[in-house]
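The sequence shown begins at 3 in my numbering and counts up by one. Yeah, the Cβ is synthetic: ideal placement off N, Cα and C, and Gly gets one too. Note that the structure is predicted; figures quoted are calculated from it, not measured. Take a look at the structure set out below.
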Amino acid sequence: MAVLHVKVSPGGKRDRLTGWLAHELKLQVRARPEKGRANDAVVQLFADTLHIPRDRIRIRTGHTSPRKQIEIEGLSDEDVRSRIQSTLDAQT
3 MAVLHVKVSP
13 GGKRDRLTGW
23 LAHELKLQVR
33 ARPEKGRAND
43 AVVQLFADTL
53 HIPRDRIRIR
63 TGHTSPRKQI
73 EIEGLSDEDV
83 RSRIQSTLDA
93 QT
């Protein structure tokens, strides 16, 4: 199981990963932080990026904060970081 530390910026222009800042992955989601919509968008962004089902992704901490810990079942930390880096490289 992999665990990621992320910093979410809700209300962005689009859902996307923006890069690494030290040990934290920065990302933007279009959804506003209302009624869990931004959290849902974060889970969907990871599901799309990692090509895994949503039910294998869980927000472990930070449900009401921009800083979150994301738990990803079935992939190692190395696999997750590799897939994320591939996505970041393709965006530039």
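| Where Thr51 and Thr66 are concerned, what is the direct C-alpha to C-alpha distance, given to the nearest angstrom? | 23 Å
| task | Would you list the residues sitting across from Val82 in a DSSP beta bridge? | result | Answer is none; Val82 lacks a bridge partner.
| message | Applying the 10 Å Cβ sphere with the 16-neighbour rule, what's the burial state of Lys70? | response | buried
| Close beta carbons around Ile74, own chain, < 6 Å, minus the five adjacent residues each side | Ala4, Ile59 and Val82
| request: Return the residue from the list Ser11, His25, Gln30 and Val8 that minimises the CA-CA distance to Arg18. | output: Gln30
| request: Just the C-alpha distance for Thr94 and His53, rounded to the nearest angstrom, thanks. | output: 20 Å
| query | Which residues does DSSP pair with Leu27 in a beta bridge? | reply | Val8 and Trp22
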